[in-house]
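Q: Have a look at this one.
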Amino acid sequence: MWYAHLISSLRASGIDVDLLPGNYRLLSIADKKLVIHLVSLDSAYQPEELVALQDQFRDNGIFLVHLWEDVWETRSIQVLGRIQSLLGLNKQIHARKTKVTVISQADADAFLHANHIQASAKAKYRFALVADNTIVSVACFSNLRLMRKMGPAYKSAEVIRFASLIGYTVTGGFSKLMKYFIRHYSP
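To convert, note that position 83 of the sequence shown is 80 in the working numbering; the numbers rise steadily by one, no gaps.
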């Protein structure tokens, strides 16, 4: 089964896991502070059922994540990185020790493919935080759009992707990239 590989990968990383009894295939991590719902491709869940399950756990102070089989099969390194991040196991980098730089779509693609669970996406504006000549975080934004209902000159943009290097949390990184975008492009 696909989830046996997930369990062995987590245990190899020093993360204790337990399968919980019940109607759902639930993986408990860190004494139930994080629960992963393992969703096989042949599952026939309705979206409302998954939201209700997530709400039930949230109401008990537990963070539940749904993990689909195909995501694990195609993006296992990124999934493991995300789980480690949720557990607070990342190393910290402070954004004040980084520099903002404009990057190409190819550079954004390479970084996001390696570090974002959904890989890359085309974006109009792409920025990176660099520390010691290494990209540690990337943010990508859409083109600016006029929002006439908000006012004649009101512009808005969408965050397309944001990711940090797997195994690292850049404290203040998203804010620094967002402020740079706002300062230079005035959305």
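Quick reminder that beta carbons are idealized off the backbone N, C-alpha and C, glycines included.
If you're wondering where the values come from, they're calculated on a predicted model, not measured in any experiment.
1) Scan the segment 90 to 178 and note each continuous alpha helix (DSSP H) run of 4 residues or more that stays entirely inside, going in chain order.
2) Go through its chain and collect everything with a Cβ distance to L31's Cβ below 6 Å, but skip five positions before and after it.
3) Would the beta-carbon of R79 fall within 8 Å of that of L109?
4) Given K88, which residues of its chain have a CB within under 8 Å of its CB, disregarding the five upstream and five downstream residues?
5) Answer yes or no: do A227 and R142 have a C-beta to C-beta separation smaller than 8 Å?
6) Excluding the 5 residues flanking A128 on each side, which residues of the same chain have their C-beta closer than 7 Å to its C-beta?
7) I'd like the span of the beta strand (DSSP E) that includes L24, first residue to last.
8) Taking the alpha-carbon positions, what's the I33 to A1 distance?
9) Just the Cα atoms here: how many angstroms apart are L16 and S37?
10) What's the gap between the Cα of D28 and the Cα of A92?
11) Output the distance between the C-alpha atoms of K176 and G169, rounded to the nearest integer angstrom.
12) Give the range of the alpha helix (DSSP H) segment to which L77 is assigned.
13) Shortest alpha-carbon distance to S101 belongs to which of K121, I114, L162?
14) If I'm right that N130 touches A160 with Cβ under 8 Å, what's the distance once you round it to whole angstroms?
15) In angstroms with no decimal places, state the Cα-to-Cα distance between A105 and L77.
16) Compute the Euclidean distance between the alpha carbons of S134 and L126, then round it to the nearest angstrom.
A: On the basis of the data shown:
1) 102 to 112
2) F60, L83
3) no
4) G164, Y165, T166
5) Coverage of the chain is limited to positions -2 through 184, which leaves residue 227 absent and any answer about it impossible.
6) I90, K94, T95
7) 23 to 26
8) 13 Å
9) 15 Å
10) 31 Å
11) 11 Å
12) 66 to 83
13) K121
14) Wrong, their Cβ atoms sit about 19 Å apart, outside the cutoff.
15) 21 Å
16) 5 Å
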